[in-house]
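Beneath this line is the structure, given in structure tokens, with notes to follow.
Take a look at the structure:
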């Protein structure tokens with residue numbers, strides 16, 4: 454296992470914010486769909502709001518993270534996210550919370566997240582030797598999966614007691630704790646010279662390196678397509694479960710608990726799978742499983758069997774995600790030079806989240822035309838395209854050892 458106080462505090466901060474995020478993943482759809490009675494288009498707008506800043510700021514954030522020290526960026530981005538989410542219960546208590554207000558709050562949240570995610574993925578290789586990155590990423594994924602297991606059930610219970618707006622305050626507190634923990638880390642981060650540096654050229658260098666790489670370029674494009682499908686699928690899933698199948702807040706929380714349990718199993722198996730099969734093959738197998746997982750809720754009827762199919766689909770989805778995440782992230786962190794990590798992570802996440810926002814908006818519109826099940830079937834096709842893109846030989850044979 455990775456050693457050192459620096460990684461321990463980094464891991465603890467990530468664990469706390471992950472737990473809060475799992476609670477919010479249940480509270481936000483309940484708030485929007487049941488409390489604010491939002492339309493399908495409004496649900497798509499809210500889902501897209503926190504992702505839109507990636508389209509505007511993502512490329513710039515990656516370039517600046519390569520110029521700045523990454524620890525302070527991560528600290529201040531966590532504070533920004535805490536403040537943004539903290540506004541939700543305040544606005545709720547004042548009676549000012551409406552779907553369009555929530556969109557504005559989530560735009561601010563997403564703006565801080567752009568810098569935070571670019572910094573956090575780029576800081577880890579400074580805390581852990583590169584030959585231990587798969588294990589470090591797997592440990593973070595295991596903790597995240599544990600949070601996904603307990604958090605949704607707690608979120609559903611908290612909503613019944615204090616309501617969705619106050620439940621979202623849990624994640625705001627988590628981000629503040631994460632900021633304090635990361636601020637206490639001692640890490641060697643050299644100051645990079647800013648003399649004679651051109652922002653546009655730096656951004657272009659990061660993009661060029663990413664998409665011209667024989668392994669990472671194909672992986673990046675596949676991931677972009679995956680995020681487009683996932684944005685639409687998650688919008689359709691929330692409406693299918695909470696309206697068509699009439700899930701209660703507690704049942705919706707249990708749905709994501711099943712996802713978390715399966716993700717934990719996948720994360721526990723991920724290092725062994727990566728060593729035995731190679732990280733590239735693990736990613737390919739997971740990408741092939743996603744369309745199969747989404748087929749199950751796509752054909753779920755309004756009865757108990759339909760509800761079981763939704764739970765099974767989310768379980769397959771979680772297992773696949775747990776197996777894939779640490780192996781994919783290990784490939785990115787191992788194959789990317791340190792001086793390019795911020796730009797590569799920023800560019801990739803920027804395009805991923807932009808397409809997820811497009812997918813969420815498109816999903817809201819498509820639901821009005823084809824219904825939630827028709828939208829999910831369309832998403833299955835797009836997930837299959839993502840799997841085909843990543844199936845090249847160079848990705849398949851990529852290993853971290």
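In the numbering used here, the protein residues as written are 454 to 854. Built from N, CA and C at the ideal position, the CB exists for glycine as well. Since this is a predicted model, take the numbers as computed values, not measurements.
CA-to-CA distance, residue j to residue i, given in whole angstroms
| i | j | result |
| --- | --- | --- |
| residue 507 | residue 765 | 32 Å |
| residue 706 | residue 477 | 10 Å |
| residue 485 | residue 546 | 16 Å |
| residue 603 | residue 708 | 11 Å |
| residue 735 | residue 673 | 16 Å |
| residue 832 | residue 675 | 14 Å |
| residue 456 | residue 792 | Since pLDDT at residue 456 reaches only 48, below the 50 mark, its modelled position is unreliable, and no value is offered. |
| residue 454 | residue 585 | Here the model assigns residue 454 a pLDDT of 43, short of 50, so the residue's position is not dependable, and the following value carries that caveat. Between residue 454 and residue 585, the C-alpha separation is close to 8 Å. |
| residue 563 | residue 535 | 11 Å |
| residue 804 | residue 677 | 7 Å |
| residue 797 | residue 661 | 9 Å |
| residue 841 | residue 667 | 16 Å |
| residue 795 | residue 579 | 12 Å |
| residue 511 | residue 520 | 15 Å |
| residue 859 | residue 739 | Residue 859 cannot be examined here, being either before or after the span of the chain that is shown, 454 to 854. |
| residue 733 | residue 845 | 10 Å |
| residue 541 | residue 619 | 8 Å |
| residue 590 | residue 731 | 15 Å |
| residue 463 | residue 554 | 33 Å |
| residue 537 | residue 639 | 28 Å |
| residue 551 | residue 489 | 7 Å |
| residue 483 | residue 696 | 11 Å |
| residue 549 | residue 581 | 45 Å |
Buried or exposed by the 16-neighbour rule on C-beta atoms within 10 Å, applied to residue i
| i | result |
| --- | --- |
| residue 756 | exposed |
| residue 543 | exposed |
| residue 466 | buried |
| residue 843 | buried |
| residue 781 | buried |
| residue 752 | exposed |
| residue 442 | Nothing can be reported for residue 442, as the shown portion of the chain is limited to 454 through 854. |
| residue 778 | buried |
| residue 594 | buried |
| residue 612 | buried |
| residue 505 | buried |
| residue 614 | exposed |
Option in the options with minimal Cα separation from residue i
| i | options | result |
| --- | --- | --- |
| residue 497 | 828, 459 and 703 | 828 |
| residue 556 | 834, 663 and 503 | 503 |
| residue 459 | 573, 768 and 773 | 573 |
| residue 821 | 609, 495, 472 and 661 | 495 |
| residue 607 | 652, 595 and 623 | 623 |
| residue 627 | 783, 530, 591 and 588 | 530 |
| residue 664 | 522, 789 and 537 | 789 |
| residue 588 | 715, 720 and 612 | 720 |
| residue 683 | 571, 595, 812 and 541 | 812 |
| residue 714 | 652, 569 and 767 | 767 |
| residue 567 | 539, 533 and 541 | 533 |
| residue 625 | 471, 725 and 723 | 471 |
| residue 583 | 814, 785, 824 and 802 | 785 |
| residue 473 | 609, 732, 462 and 560 | 609 |
| residue 633 | 763, 620, 692 and 469 | 469 |
| residue 723 | 680, 776 and 731 | 776 |
| residue 596 | 692, 614, 548 and 475 | 475 |
Below-9 Å beta-carbon distance, residue i vs any chain D residue
| i | result |
| --- | --- |
| residue 665 | No chain D is present in this structure, which holds just one protein chain. |
Check: residue i C-beta below 8 Å from any heavy atom of the ligand SAM
| i | result |
| --- | --- |
| residue 845 | In terms of ligand content, the structure shown is empty, and the ligand SAM therefore cannot be addressed. |
(message) Closer than 8 Å is the cut-off here; do at least three beta carbon pairs connect the stretch 510–523 with the stretch 819–828?
(response) no
(message) Three or more C-beta pairs under 8 Å: does that hold for the stretch 834–850 against the stretch 687–699?
(response) no
(message) Whether or not the stretch 742–751 and the stretch 836–843 are in contact is what I'm after, with contact meaning three or more pairs of Cβ atoms, one per stretch, closer than 8 Å; do they touch?
(response) yes
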